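J.:
Number of protein chains: 2
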Amino acid sequence: MHLSRKELDELNSIYKINFVNSITGYKPANLIATKSKEGISNVAVFSSVVHLGSAPPVLGFILRPTTVPRHTYSNIKETGYYTINHIHKAIIEDAHHSSAKYPEGVSEFDKTTLEEEYLGDFFAPYVKDCPVKIGLKYLEEYQIKSNNTIFVLGEIMEVYVEDHLIEKNGLINLTKGGTAAINGLDTYAVPETNKQLEYQRPKK
Amino acid sequence: MHLSRKELDELNSIYKINFVNSITGYKPANLIATKSKEGISNVAVFSSVVHLGSAPPVLGFILRPTTVPRHTYSNIKETGYYTINHIHKAIIEDAHHSSAKYPEGVSEFDKTTLEEEYLGDFFAPYVKDCPVKIGLKYLEEYQIKSNNTIFVLGEIMEVYVEDHLIEKNGLINLTKGGTAAINGLDTYAVPETNKQLEYQRPKK
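Residue numbers (the numbering used here), protein chains in the order written: chain A, 14 to 217; chain B, 14 to 217.
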């Protein structure tokens with residue numbers, strides 16, 4: 014199938030959203046959890062978390078102000094802290110349910126089997142039993158001119174990873190942990206196998 | 014395993030790069046292909062492609078000026094056009110080899126079995142036989158203060174998707190197409206199954 018930009022723009026809205034959301038390939042499946050100053054927690058699925066650098070360790074994600082739960086953003090701005098937690102095989106249904114639009118004052122933790130967990134003195138809640146849990150501090154943001162989204166950056170303050178997932182060279186083996194990937198908006202895949210390749214040098 | 018930020022910063026460099034690169038979960042596995050004004054093509058693996066919006070259809074990716082082949086960036090800036098192509102099961106080894114650092118004037122297409130393909134009058138080459146191929150036009154970029162990376166945005170100008178991958182609701186079924194996901198820097202996974210979930214509404 015070939016679609017010109019004109020044909021793409023003319024697709025019906027639901028079809029277009031499904032299509033363009035799946036066009037980039039598999040996306041990371043994460044839960045971002047926050048807590049307001051008033052102590053109301055919030056957790057929501059994000060498929061746009063992206064690695065920017067390792068030293069310092071900086072991660073970003075995209076917020077669509079019109080469609081995404083605003084609580085995540087307002088809590089991050091208000092408190093400075095949030096966590097990123099891997100969606101894994103056992104919690105896919107409940108994680109996905111956190112995309113339902115609950116009114117102000119309702120925590121998605123109370124509407125699902127997802128459990129909030131406070132570790133050390135970190136302000137934001139982690140999601141219990143996730144194979145990888147990352148505590149972040151808000152760094153900066155960029156207002157994207159093209160479409161009014163916001164690119165939010167944070168630095169990693171601490172990390173919890175299940176021991177048995179970490180390979181000798183530092184790789185976190187996601188397949189061993191049952192981490193999920195997202196296809197489009199609502200389709201989840203859990204890879205069963207993976208293959209590590211060598212560092213590549215030019216052929217002679 | 015628990016790591017504080019201090020412990021993370023003190024990890025040895027290779028270990029740290031592998032660790033932090035795998036911490037966000039599965040990443041999309043794409044080849045970005047470009048051509049210089051002089052006609053020299055270029056193709057390189059990128060795992061940072063991210064969806065920003067569907068109307069208009071905008072995608073972004075992160076460039077690390079110090080580590081990533083600069084040809085991709087200079088060709089995009091010089092010509093305005095590039096393509097994003099899904100890495101799939103049959104080409105994983107050759108796609109990964111495109112990460113080798115070849116000198117100026119050498120096309121990775123000549124050093125791998127990857128074939129460049131020119132479709133319609135689009136300036137940049139596509140990668141032949143990829144299940145999803147996207148033609149983009151450069152839109153804008155953001156210089157990231159935290160770590161000097163560049164966030165490059167483009168708008169989709171045209172798309173080629175294998176017919177049999179497209180579901181009735183517009184979803185491109187990546188599992189049917191054998192699209193790969195990347196774990197860290199060098200580990201590839203190809204999910205065999207997936208599951209589509211319902212649109213979620215608040216529980217009563």
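All C-beta atoms in this analysis are idealised placements derived from N, C-alpha and C, irrespective of residue type, glycine included. Please read these numbers as outputs of a predicted model, since none were measured by experiment.
Three or more beta-carbon pairs under 8 angstroms between the segment 28-35 of chain A and the segment 43-52 of chain A, yes or no?
T.: The segment 28-35 of chain A is not in contact with the segment 43-52 of chain A.
J.: Would you identify the three-state DSSP class for A/ALA42, choosing helix, strand or coil?
T.: If you number the first sequence from 1, residue 42 of chain A lands on position 29. Looking at A/ALA42 - three-state DSSP - the assignment turns out to be coil, as it is neither helix nor strand.
J.: Counting only C-beta atoms, is A/HIS110 closer than 8 angstroms to chain B at any point?
T.: Your numbering for residue 110 of chain A matches position 97 in the first sequence. Yes, A/HIS110 lies at the interface with chain B (some Cβ there is under 8 angstroms from its Cβ).
J.: Using a Cβ-Cβ cut-off of 8 angstroms, state whether B/PHE164 counts as contacting chain A.
T.: Counted from its first residue, the second sequence places residue 164 of chain B at position 151. Answer yes: the Cβ-Cβ gap between B/PHE164 and chain A drops below 8 angstroms somewhere.
J.: With DSSP collapsed to three states, give me the class of A/ASN25.
T.: Taking the first sequence and counting its residues from 1, the one referred to as residue 25 of chain A is at position 12. Three-state DSSP puts A/ASN25 in coil, outside helix and strand.
J.: Please classify A/PRO204 as buried or exposed, where buried requires at least 16 other C-beta atoms within 10 Å of its C-beta.
T.: Numbered from 1 along the first sequence, position 191 holds the residue referred to as residue 204 of chain A. When all chains shown are included, A/PRO204 counts as buried.
J.: Is the Cβ of A/GLU23 closer than 8 angstroms to any Cβ of chain B?
T.: In the first sequence, counting from the first residue as 1, residue 23 of chain A sits at position 10. Cβ-Cβ to chain B under 8 angstroms: no for A/GLU23.
J.: Residues of chain A with a CB under 7 angstroms from the CB of B/ASN182: which are they?
T.: Counting from one through the second sequence, the residue named residue 182 of chain B turns up at place 169. Correct list: ILE27, TYR28 and ASN31.
J.: From the beta carbon of A/GLU128, is the nearest beta carbon of chain B less than 8 angstroms away?
T.: Position 115 of the first sequence, counting from 1, holds the residue named residue 128 of chain A. No - not a single Cβ of chain B is within 8 angstroms of the one on A/GLU128.
J.: Buried or exposed: where does A/PRO138 fall if 16 or more other Cβ atoms within 10 Å of its Cβ makes it buried?
T.: In the first sequence, residue 138 of chain A corresponds to position 125, counting from 1. A/PRO138 should be labelled buried.
J.: Residues in the same chain with beta-carbon distance under 7 angstroms from A/SER120, minus the five sequence neighbours each way, listed in chain order, please.
T.: Sequence index remark: in the first sequence, residue 120 of chain A carries index 107 (1-based). If we look at A/SER120 and ignore the five residues flanking it on each side, its Cβ neighbours are ILE53, SER54 and ASN55.
J.: Judging by CA-CA distance, which residue of B/HIS109, B/MET14 and B/ILE27 is the nearest neighbour of B/ALA42?
T.: As a position in the second sequence, residue 42 of chain B is number 29, starting the count at 1. Answer by Cα proximity: B/HIS109.
J.: In chain A, what lies closer than 7 angstroms to B/LEU219 by C-beta?
T.: Any question about residue 219 of chain B goes unanswered here, given that chain B covers just 14 to 217.
J.: Quick check for students: name the residue ranges of the alpha helix (DSSP H) that lie wholly in the segment 118-191 of chain A, counting only runs of 4 or more.
T.: Those alpha helix (DSSP H) runs which fall completely within the segment 118-191 of chain A and span 4+ residues are 187-190.
J.: Select from the segment 50-74 of chain B all residues with a C-beta closer than 9 angstroms to any C-beta belonging to chain A, and list them in chain order.
T.: SER60, SER61, VAL62, VAL63, HIS64, LEU65, GLY66, SER67, ALA68, PRO69, PRO70, VAL71, LEU72, GLY73 and PHE74
J.: Mind checking if B/LYS217 is an interface residue toward chain A, Cβ cutoff 8 angstroms exclusive?
T.: Here residue 217 of chain B refers to the residue found at position 204 when the second sequence is read from its first residue. No, B/LYS217 does not count as interfacial toward chain A.
J.: For the segment 187-206 of chain A and the segment 156-173 of chain B, state whether three or more C-beta atom pairs, one from each stretch, are separated by less than 8 angstroms.
T.: no
J.: What are the partner residues of B/LYS48, as DSSP defines its beta bridges?
T.: Locating residue 48 of chain B in the second sequence gives position 35, where the first residue counts as 1. DSSP lists B/SER54 as partners of B/LYS48.
J.: Decide if B/SER111 is buried, meaning its Cβ has at least 16 other Cβ atoms within 10 Å, or exposed.
T.: Start at 1 with the first residue of the second sequence, and residue 111 of chain B comes out as number 98. Buried: at least 16 other Cβ atoms inside 10 Å.
J.: Tell me the DSSP secondary structure of A/ALA103 in three-state form.
T.: For the purposes of this step, residue 103 of chain A is identified with residue 90 of the first sequence, where counting begins at 1. Helix.
J.: Taking only beta-carbon positions, decide if A/GLU153 is within less than 8 angstroms of chain B.
T.: Residue mapping note: residue 153 of chain A aligns to position 140 of the first sequence, counting from 1. Closer than 8 angstroms: yes.
J.: DSSP three-state label for A/VAL203, please.
T.: The residue given as residue 203 of chain A occupies position 190 in the first sequence. Three-state DSSP puts A/VAL203 in coil, outside helix and strand.
J.: Which residue comes first and which comes last in the beta strand (DSSP E) that contains A/SER17?
T.: Here residue 17 of chain A is taken as the residue at index 4 of the first sequence, counted from 1. 15-17 is the extent of the beta strand (DSSP E) around A/SER17.
J.: Shortest alpha-carbon distance to A/ASN98 belongs to which of A/TYR115, A/LYS208, A/LEU187 and A/ASP123?
T.: Taking the first sequence and counting its residues from 1, the one referred to as residue 98 of chain A is at position 85. Among A/TYR115, A/LYS208, A/LEU187 and A/ASP123, the Cα nearest to that of A/ASN98 is on A/LEU187.
J.: Which value, in whole angstroms, describes the spacing of the CA atoms of A/GLU91 and B/SER17?
T.: To locate residue 91 of chain A, count along the first sequence from 1; it is residue 78. To locate residue 17 of chain B, count along the second sequence from 1; it is residue 4. Near 23 angstroms, if we compare the C-alpha coordinates of B/SER17 and A/GLU91.
J.: Return helix, strand or coil for B/THR96, following the three-state DSSP convention.
T.: Working through the second sequence from its first residue, we reach residue 96 of chain B at position 83. Reduced to three states, the DSSP call for B/THR96 is strand.
J.: In whole angstroms, what separates the C-alpha of A/LEU21 from that of B/LEU178?
T.: Here residue 21 of chain A refers to the residue found at position 8 when the first sequence is read from its first residue. Here residue 178 of chain B refers to the residue found at position 165 when the second sequence is read from its first residue. Taking the CA atoms as reference points, A/LEU21 sits about 17 angstroms from B/LEU178.
J.: Under the DSSP definition of a beta bridge, which residues are partnered with B/VAL71?
T.: Taking the first residue of the second sequence as 1, we reach residue 71 of chain B at position 58. Beta bridge pairing from DSSP links B/VAL71 with B/GLY66 and B/GLU168.
J.: Output needed for A/HIS84: all residues of its chain with C-beta closer than 6 angstroms, excluding positions within five of it in sequence on either side, in chain order.
T.: The residue labelled residue 84 of chain A in the question sits at position 71 within the first sequence. Hits under 6 angstroms: ASN55.
J.: What residues from the segment 35-49 of chain A come within 8 angstroms of chain B, judged by C-beta to C-beta, listed N to C?
T.: SER35, ILE36, THR37, GLY38, TYR39, LYS40, PRO41, ALA42 and ASN43
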